[in-house]
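A.B. asks: Residue numbers (our numbering): 1 to 103.
All residues carry an ideal CB built from backbone N, CA and C; glycine is no exception.
For reference, the structure I am asking about is given below.
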Amino acid sequence: MATVTVQPPWRRRHAVGIISVMTTDRGIHDQISELVAAEHDLRRALSEHEIAPEEEHARLREIEVQLDQCWDLLRQRQALRGSGQDPDAASVRPASEVENYRG
Numbered sequence: 001m002a003t004v005t006v007q008p009p010w011r012r013r014h015a016v017g018i019i020s021v022m023t024t025d026r027g028i029h030d031q032i033s034e035l036v037a038a039e040h041d042l043r044r045a046l047s048e049h050e051i052a053p054e055e056e057h058a059r060l061r062e063i064e065v066q067l068d069q070c071w072d073l074l075r076q077r078q079a080l081r082g083s084g085q086d087p088d089a090a091s092v093r094p095a096s097e098v099e100n101y102r103g
């Protein structure tokens, strides 16, 4: 019988399918919810000493970047929709671009 290994939520890679699930506003919101849940799981795991602070900080940073990409994509879609264009023309921008915004 094969053994199935289930990784804890903080070890899962959310970016792998980021583009495929983020083709609609609902999909983007679902991705945001998943990332927020992973963030909460990480904080719980740290408080219960299941992971080291360094792992928590590194993974939280990855999640923050992905959340920024999601929010940016939603803003792009809203702007395109508001100007009468196709919101599906929006695309996930590279982390380096999204992270260097000056609000």
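Within 10 angstroms of its Cβ, does Arg-77 collect 16 or more other Cβ (buried), or is it exposed?
C.D. replies: If you number the sequence shown from 1, residue 77 lands on position 77. With 16 or more other Cβ atoms within 10 Å, it is buried.
A.B. asks: Chain C beta carbons: is any one of them nearer than 8 Å to that of Arg-59?
C.D. replies: Absent here is chain C; the protein component of the structure consists of one chain.
A.B. asks: From what residue to what residue does the alpha helix (DSSP H) around Gly-27 run?
C.D. replies: For this step, residue 27 is matched to residue 27 along the sequence shown. 25-47 is the extent of the alpha helix (DSSP H) around Gly-27.
A.B. asks: Given that a residue counts as buried once 16 or more other Cβ atoms are within 10 Å of its Cβ, and exposed if not, what is Arg-59?
C.D. replies: For the purposes of this step, residue 59 is taken as residue 59 along the sequence shown, with counting starting at 1. Classification of Arg-59: buried, given that the 10 Å Cβ count is 16 or more.
A.B. asks: For the alpha helix (DSSP H) that Ser-91 lies in, which residues bound it at each end?
C.D. replies: For the purposes of this step, residue 91 is taken as residue 91 along the sequence shown, with counting starting at 1. Taken as a continuous stretch (DSSP letters only), Ser-91 belongs to no alpha helix (DSSP H), as it is neither H nor E.
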